[in-house]
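Quick note on my numbering: the sequence shown kicks off at 177 and runs consecutively.
C-beta atoms are modelled at their ideal positions from N, C-alpha and C, and glycine is treated no differently.
Written out below as structure tokens is the structure these notes cover.
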Amino acid sequence: MGSLRRWIARFLLLAVALCGSCAKTPEVEPEVVLKLGHSLPTAHPVHRAMVFMAERVDEKSAGKMRVEVFPNEQLGTEKECIEALQLGYLAMTKTSSAPMEGFVEQMKIFGVPYLFRDTTHFWNVLNGPIGMELLLAGESKRLRGLCYYDAGARSFYTKDRPIRTPADLDGLKIRVQNSIMSMKMVSAMGGAPTPISFGELYTSLDQGVVDGAENNPPSFRQARHNEVCQYYILDEHTRLPDILVISTKIWAGLTAEQRRILQEAVDESVVLQRRQWDEAEVEDLKFVEEGGVTIIRPDKGPFRDAVKDVWTEFDGTEIGALIDRIQETQ
Ligand code: GCU
């Protein structure tokens with residue numbers, strides 16, 4: 177009887193072990209692993225879109241391709257990630273268009289304040305020939321844009337000073353991205369621009385290194401800057417898209433099939449992200465307001481007037497010609 181029980185026990189153990197291994201999908205060693213570094217926190221809608229893209233790549237390639245997403249500047253600031261792409265040390269990055277200006281001159285166009293009439297105009301430009309030209313404008317610098325993600329409009333937020341007109345920015349230290357255009361814009365409005373990486377901004381605000389910053393509602397909330405800033409001023413000065421970029425060194429090493437899979441997954445993630453963005457903006461604005469942040473909706477006229485020179489300095493240049501083409505776009 178004892179030996180029968182032992183035999184049954186052994187049989188059960190074996191069955192469990194076998195079932196366990198049946199339940200697991202056989203591990204496929206990926207032939208290609210693409211690392212993607214970016215600056216945003218994991219609850220951010222743009223991060224979530226990239227995680228979805230990575231899942232789609234996995235599914236479409238039956239595990240033969242893998243995209244590994246590293247958030248929160250784990251692999252470096254946006255500028256550092258772009259440089260790593262140029263060297264081919266890193267495959268992909270998601271960056272705001274602002275730091276791209278330092279590498280691809282034409283990207284300055286997005287930093288021209290109040291360039292787009294509204295969201296429809298913005299997307300008509302990005303989804304049309306100009307948008308495509310700009311995505312590929314960095315190829316000679318080893319940077320190939322794969323898509324744009326929505327990053328809404330950027331607005332100022334301050335620790336403790338309400339801003340209603342540009343004159344209220346006088347003397348305030350405003351954190352900007354690593355971007356000449358952002359610096360020009362803040363200076364034109366009367367503030368003192370201070371470049372700081374996104375990852376260091378919370379502490380910089382908290383410790384009073386800067387008096388304010390500017391960003392879209394999801395980034396304001398997800399980076400918890402609302403905890404240290406009392407006012408959010410919806411002047412909506414720029415629409416800087418987020419751009420997913422791949423190193424041309426890495427792209428050149430992919431087969432036609434691998435490129436197709438990656439681009440298809442990216443395009444699907446764009447559709448999802450665009451759907452989720454508008455909701456996130458509304459929800460995050462509500463969240464910060466309920467948490468005690470005062471939302472100011474200023475007259476945008478004086479802000480627009482203050483940055484006129486940022487436009488005119490491009491007269492007769494390549495960027496000037498792009499400004500004209502964008503204004504002519506319906
Ligand atoms: C946005 C953008 C990020 C960027 C950040 C910033 O949130 O999506 O890519 O890092 O702005 O202001 O630095």
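Residue i: first and last residue of the uninterrupted beta strand (DSSP E) it sits in
| i | result |
| --- | --- |
| residue 511 | Since the first and last residues shown for the chain are 177 and 506, residue 511 lies out of range. |
| residue 125 | The structure shown has nothing for residue 125, since the chain only spans 177 to 506. |
| residue 227 | It is not in any beta strand (DSSP E) - residue 227 instead sits in the alpha helix (DSSP H) that spans 221-236. |
| residue 276 | Not the beta strand (DSSP E): residue 276 falls in the alpha helix (DSSP H), residues 273-276. |
| residue 470 | 470-472 |
| residue 212 | 208-214 |
| residue 242 | 241-246 |
Cβ distance (whole Å) where residue i is taken to contact residue j below 8 Å
| i | j | result |
| --- | --- | --- |
| residue 421 | residue 271 | 6 Å |
| residue 255 | residue 354 | 5 Å |
| residue 281 | residue 240 | About 37 Å; that fails the 8 Å criterion. |
| residue 249 | residue 332 | Contact doesn't hold; Cβ gap of about 23 Å is too wide. |
| residue 337 | residue 344 | 7 Å |
| residue 320 | residue 431 | The pair is not a contact, with the Cβ atoms about 16 Å apart (cut-off 8 Å). |
| residue 470 | residue 407 | 5 Å |
Proximity test, residue i beta-carbon vs the ligand GCU heavy atom, cut-off 7 Å
| i | result |
| --- | --- |
| residue 215 | yes |
| residue 374 | yes |
| residue 395 | yes |
| residue 254 | yes |
| residue 470 | no |
| residue 391 | yes |
| residue 272 | yes |
| residue 353 | yes |
| residue 418 | yes |
| residue 483 | no |
| residue 222 | yes |
N- and C-terminal bounds of the alpha helix (DSSP H) containing residue i
| i | result |
| --- | --- |
| residue 477 | 477-482 |
| residue 203 | Segment: none, residue 203 is in no alpha helix (DSSP H) and carries neither H nor E. |
| residue 298 | 295-302 |
| residue 498 | 494-504 |
Proximity test, Cβ basis, 8 Å: residue i and chain C
| i | result |
| --- | --- |
| residue 283 | Any reference to chain C falls outside this structure, which holds one protein chain only. |
Kindly provide the ranges of any alpha helix (DSSP H) runs that are 4 or more residues long and lie completely inside the stretch 358-390, ordered along the chain. 374-382
Is the stretch 228-238 close to the stretch 387-399, with three or more CB pairs under 8 Å? no
Could I get the ranges of all uninterrupted beta strand (DSSP E) runs contained in the stretch 308-362, with 3 residues as the minimum, in chain order? 319-325, 330-334, 349-352
Taking contact to mean at least 3 C-beta pairs separated by less than 8 Å, is the stretch 364-376 in contact with the stretch 499-506? no
Spell out a yes or no on whether the stretch 259-268 and the stretch 457-465 are touching, meaning 3 or more CB-CB pairs, one atom from each, closer than 8 Å. no
Ranges of the beta strand (DSSP E) found wholly within the stretch 388-429, counting only runs of at least 3: 388-391, 407-414, 418-423
Is it the case that the stretch 443-455 contacts the stretch 322-330, given that we only count it when at least three CB pairs across the two stretches are under 8 Å? yes
Report yes or no: do the stretch 285-295 and the stretch 380-389 share at least 3 C-beta pairs separated by less than 8 Å? no
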